[in-house]
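Down below is the structure, laid out as structure tokens.
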Amino acid sequence: MQIGLIGLGRMGGNMRDRLRAAGHEVVGYDPRPEVSDVGSLGELAAALTTPRVVWVMVPSGDPTRSTVTTLSETLSAGDLVIDGGNSRYTDDGPNAELLDAKGIGYVDCGVSGGIWGKDNGYGLMAGGSDEHIALAMPIFDALRPEGPREEGFAHAGPVGAGHFSKMVHNGIEYGLMQAYAEGFELMQASELVTDVPGVVQAWSRGTVVRSWLLDLLVNALKQDPDLTELEGWVDDSGEGRWTIEEAIRHAVPLPVISAALFARFSSRQDESPAMKAVAALRHQFGGHAVKSAGPTGAPGDKAGPSSGTGSTAPSSD
2 MQIGLIGLGR MGGNMRDRLR AAGHEVVGYD PRPEVSDVGS LGELAAALTT
52 PRVVWVMVPS GDPTRSTVTT LSETLSAGDL VIDGGNSRYT DDGPNAELLD
102 AKGIGYVDCG VSGGIWGKDN GYGLMAGGSD EHIALAMPIF DALRPEGPRE
152 EGFAHAGPVG AGHFSKMVHN GIEYGLMQAY AEGFELMQAS ELVTDVPGVV
202 QAWSRGTVVR SWLLDLLVNA LKQDPDLTEL EGWVDDSGEG RWTIEEAIRH
252 AVPLPVISAA LFARFSSRQD ESPAMKAVAA LRHQFGGHAV KSAGPTGAPG
302 DKAGPSSGTG STAPSSD
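As numbered in this note's numbering, the sequence shown has no gaps in its residue numbers, which increase by one up to the final residue, 318.
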């Protein structure tokens, strides 16, 4: 099958390689001429035979919306556009309407697998009509992992369902990563566990917490057993926030995913104003030891009497 692929970064470039290895003809476009097969979206459209299938793999938001708009002016009725990026599902309806006005189909597809997908395959969650899903199925089958289709691909529902499913997937991912990370930190803090990387690796087969994410943590600890080469600064790409916003809208409690997102926010603070306020409050009402700011600060620098009871007994905090 022939397909156009827009965006040849870490994910898109590997997807092109996997599709070509499966025997598909891929015409790729990227603003970087050294990796692009054609010089423009117009050239990409001209290189494809109708009905064209074009997969968009660019950053979410304005880059994707701009690309879809250009394709609406470049492609023809009967063609199909697939957005495989991490777009917010609320963008899918407007994109589909814009293309539908020109007779062009639209499918949104959540893609999971990262840089390992080239060899292992990608988990795919697609939203769109039965007709459009069927048209692109040879591409989905080439990208997904080997084995039963239902273990690597889902037609999640109508337009928007694919990206909604990927949003939830990434929210779950936040929670799983945070749980592994907290367990790692607790074992590191213990004097009893002398081989933390070994324990984590021992979990990778036979235990109920085994997973591919755990395997990746094992790999990271083999390279850097104490993770001393990394800073504890963790970004978020949006899906976790969107998941929590949807949970609020539907009144669905997500305490684990919410806590994982807020933990990422905490990782970006060299000094936490909130924790300073907690320390100040504990000192004010209970006389608990606090650490002064600056290089000479030490616990107890500003310790004072307990809150106004006259008692020197420890507070219950």
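Note that CB positions come from ideal geometry on N, CA and C, so glycine has one too.
| Simplified DSSP assignment, three categories, for Ser-284 | As written in the sequence, residue 284 is His, which differs from the Ser given in the question. Helix at His-284.
Whole angstroms are fine: how far does the CA of Lys-119 sit from the CA of Val-1? Because the chain in this structure spans residues 2 to 318, residue 1 falls outside the shown range and cannot be described.
| query | Given 8 Å as the limit, is there contact between the stretch 73 to 86 and the stretch 46 to 61, that is, 3 or more CB pairs closer than that? | reply | yes
| Separation of Arg-283 from Leu-125, as counted between CA atoms | 50 Å
key: CB contact flag (Ser-73, Leu-100, <7 Å)   = In this structure, Leu-100 lies closer than 7 Å to Ser-73 by Cβ.
Report task. Could you name the residues of the same chain whose beta carbon sits closer than 6 Å to that of Tyr-181, not counting the 5 residues immediately before and after it, in chain order? Result -> For Tyr-181, where only same-chain residues beyond five positions count, the Cβ hits under 6 Å are Leu-218.
* For Val-55 versus Thr-68, is the C-beta distance shorter than 7 Å? -> no
Boundaries of the beta strand (DSSP E) in which Ala-270 is found, first to last residue:
Note on residue identity: the sequence assigns Gln, not Ala, to residue 270. Element bounds for Gln-270: n/a, residue is neither H nor E.
| query | Under a Cβ-count criterion, where at least 16 other Cβ atoms within 10 Å of its own Cβ denotes burial, should Leu-262 be classed as buried or exposed? | reply | buried
Residues bridged to His-156 [DSSP beta-bridge criterion] | Residue pairing by DSSP puts His-156 in a beta bridge opposite Ala-127.
| request: Note the first and the last residue of the continuous alpha helix (DSSP H) segment covering Gly-13. | output: Unbroken alpha helix (DSSP H) run through Gly-13: 11 to 22.
Please go through the stretch 227 to 269 and give each complete alpha helix (DSSP H) segment of 4 or more residues, from N-terminal end onward.
-> Taken in chain order, the whole alpha helix (DSSP H) runs of length 4 or more contained in the stretch 227 to 269 are 240 to 251, 256 to 268.
Review point. Is it right to say Gly-309 is buried, meaning 16 or more other beta carbons lie within 10 angstroms of its own, or is it exposed?
Key: Bear in mind that the predicted position of Gly-309 carries a pLDDT of just 39, short of 50, making it unreliable; the figure below should be weighed with that in mind. Exposed, by the Cβ-count rule.
Checklist entry - How is Ser-61 classed by DSSP in three states: helix, strand or coil? => result coil
Quick one: which unbroken alpha helix (DSSP H) runs of 4-plus residues sit fully inside the stretch 57 to 107? Chain order, please. You should have 63 to 75, 93 to 101.
Ala-135 classed as buried or exposed, judged by whether at least 16 other C-beta atoms fall within 10 angstroms: It counts as exposed.
Exercise for review: Just grab the DSSP bridge partners of Arg-4 for me.
Suggested key: Residue identity check: residue 4 is Ile in the sequence provided, not Arg. According to DSSP, Ile-4 bridges with Val-27.
| Lys-167 classed as buried or exposed, judged by whether at least 16 other C-beta atoms fall within 10 angstroms | The Cβ neighbour count for Lys-167, taken over all protein chains shown within 10 Å, is at least 16; the residue is labelled buried.
*Which residue or residues does DSSP assign as beta-bridge partners of Ser-113?*
Gly-124
Q) Secondary structure at Ala-314, three-state DSSP: helix, strand or coil? A) Note that Ala-314 scores 40 on pLDDT, short of 50, meaning its location in the model is unreliable; the coordinates nonetheless yield the value given after this. In the structure shown, the three-state DSSP call for Ala-314 is coil.
Could you give the residue range of the alpha helix (DSSP H) that holds Asp-196? Taken as a continuous stretch (DSSP letters only), Asp-196 belongs to no alpha helix (DSSP H), as it is neither H nor E.
**Asked** Based on the DSSP secondary-structure assignment, which residues constitute the bridge partners of Val-54?
**Response** Leu-81
Inset, instruction - To the nearest angstrom, report how far apart Arg-269 and Pro-34 are at their CA atoms. - result: Rounded to whole angstroms, Arg-269 to Pro-34 spans 36 Å at the Cα level.
Requested in this report: For the alpha helix (DSSP H) containing Val-169, list its first residue and its last residue.
Outcome: 162 to 190
| request: Report yes if the C-beta distance between Arg-21 and Ile-116 is below 7 Å; otherwise report no. | output: no
- Item | the stretch 171 to 179 touching the stretch 190 to 198, judged by at least three CB pairs closer than 8 Å | no
message: For Ile-105 and Ala-97, what's the separation of their Cα atoms in angstroms?
response: 8 Å
How would you call Asp-236, buried or exposed, if buried means at least 16 neighbouring beta carbons within 10 angstroms? Exposed.
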